[in-house]
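Take numbering that gives the first Met the number 0: the last position of the sequence shown gets the number 282, and nothing is skipped along the way.
For glycine and all other residues, C-beta sits at the position ideal for the given N, C-alpha and C.
Everything on this sheet refers to the single structure shown next.
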Amino acid sequence: MTSPREHDARITVIQRELFDERKSKSQRYADLVIGQPGWWALLKYEAIILVCWGMPGALGLLLRSRLYPLLLGSCGRDVVFGTGVVLRHPHKIHIADRVVVDDGCCLDAKGTDNQGIRLGRGVFLGRNTILSCKNGDIVIEDEANIGFNTEIFSASRVRVGRKVLIAAYTYLVGGDHLYDRIDLPVLDQGRTAAGIDVGDHVWLGAHVVVTDGSRVGRDAIIGAGAVVVGEIPEFAIAVGTPARVVRDRRTPTDAGGRPPESAAPESDTSARSPSDKSDGYTL
């Protein structure tokens, strides 16, 4: 875990560099978007984005599949980039084979000394998904499927395991604000960053929030609308705010593999099945 003081210092450095009046606008733009010094990196990025960023249809897919890898740290075979995909600090983005990055996604690997974003083989990022590093790292393991309008934020390290299923509008926030002092705005009090780990084969329902420092064990299921604070054991089914375990998946259940209806308290409106029709996690 990064100490609050160290992490606050890093954030301050990033902001100071972005708004340093001693630098030209082009230099500040390069710091924000490119993350590498020199005119060659800037011109290459601008030329590629100009040619194919918003180009529709098969030609756009073809051009992006050929040109975007020239910007990235590494890129495997048969990677699909939709229209309007935003890449920031692309040299710190590493993508394996057969990954799909749908329209409007943002892959932001920004930071001064982080490793950035790594997408494993067969990962699917739904439309408008945001992967945002603030000097942190995001690792998404093989064949994870992330629904549309999901955001994963990392100021430390956020890992999503193999074959994880994340439904739409889910938020993994790998960082938090200090708020102990009342004489300072929260914005000025620094941050903590403990990271998040989501184990293999986990299913997160629609509108789930996973807070900083949380761990979700392998094969767990988190019900739609739940807020995960802390640790969820492996094979658990957890619902509510904060999420609490209602059953172990390894115990016998009703036919169909679902827990009995009585497993969720009637008064808790957030105790819904992750199969809520608004999930939007399928291709």
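Within a Cβ cutoff of 6 Å, which residues of the same chain sit near residue i, ignoring the five residues on either side of it in sequence?
i: G174; result: A154, R190, A192, D211
i: R87; result: V32, D107, K109
i: T128; result: C104, I145, T149
Quick check on residue i: does DSSP put it in helix, strand or coil?
i: V50; result: helix
i: E233; result: coil
i: V32; result: helix
i: L41; result: helix
i: N127; result: coil
i: K22; result: coil
i: L183; result: coil
i: L69; result: helix
i: H88; result: coil
i: R27; result: helix
i: V191; result: The question names Val, but residue 191 in the sequence shown is Thr. T191 falls in the strand class under three-state DSSP.
i: D196; result: strand
i: A223; result: strand
i: N134; result: coil
i: F80; result: strand
i: R217; result: coil
i: T150; result: A quick correction: the sequence has Glu, not Thr, at residue 150. Three-state DSSP puts E150 in a strand.
i: L203; result: strand
i: V228; result: coil
i: V209; result: strand
i: L164; result: strand
i: V122; result: coil
i: N144; result: strand
How big is the Cα-Cα spacing for residue i and residue j?
i: D247; j: F234; result: 6 Å
i: V209; j: S25; result: 37 Å
i: G110; j: I137; result: 12 Å
i: F123; j: D182; result: 45 Å
i: R97; j: L60; result: 14 Å
i: F18; j: L31; result: 10 Å
i: P251; j: G119; result: 34 Å
i: G125; j: L186; result: 31 Å
i: W215; j: A225; result: The sequence shown places Val at residue 215, rather than the Trp named in the question. Spanning the two alpha carbons is a distance of roughly 13 Å.
i: A205; j: V85; result: 24 Å
i: R76; j: G222; result: 35 Å
i: D112; j: K133; result: 10 Å
i: I116; j: D179; result: 32 Å
i: L106; j: I236; result: 31 Å
i: G103; j: G83; result: 5 Å
i: D101; j: N148; result: 11 Å
i: Q114; j: G72; result: 10 Å
i: D199; j: P68; result: 28 Å
i: L41; j: I47; result: 10 Å
i: E142; j: Y28; result: 34 Å
i: P36; j: P55; result: 31 Å
i: A95; j: W52; result: 21 Å
i: V228; j: V197; result: 13 Å
i: L70; j: G135; result: 20 Å
For the alpha helix (DSSP H) containing residue i, list its first residue and its last residue.
i: L118; result: Element bounds for L118: not the alpha helix (DSSP H) but the beta strand (DSSP E), 116 to 118.
i: L56; result: The amino acid occupying residue 56 in the given sequence is Gly; Leu does not appear at that position. Residues 56 to 66.
So residue i and residue j are supposed to be a Cβ contact under 8 Å. How far apart are they, rounded?
i: G34; j: H90; result: 6 Å
i: V157; j: I151; result: 6 Å
i: R217; j: G160; result: 7 Å
i: V79; j: L62; result: 12 Å between Cβ atoms; not a contact.
i: V201; j: V163; result: 5 Å
i: L203; j: T169; result: 5 Å
How would you write the range of the beta strand (DSSP E) that residue i sits in, first residue to last?
i: G103; result: Where G103 is concerned, there is no enclosing beta strand (DSSP E), given that its DSSP letter is neither H nor E.
i: S155; result: No beta strand (DSSP E) holds S155; DSSP gives it neither H nor E.
i: L171; result: 170 to 173
i: V98; result: Segment: none, V98 is in no beta strand (DSSP E) and carries neither H nor E.
i: R246; result: 243 to 247
Kindly list the residues whose CB is nearer than 8 Å to the CB of residue i, restricted to its own chain and excluding five residues on each side of it in sequence; keep chain order.
i: I231; result: S213, R214, V215, G216, A219, I221, A237, A242, V244
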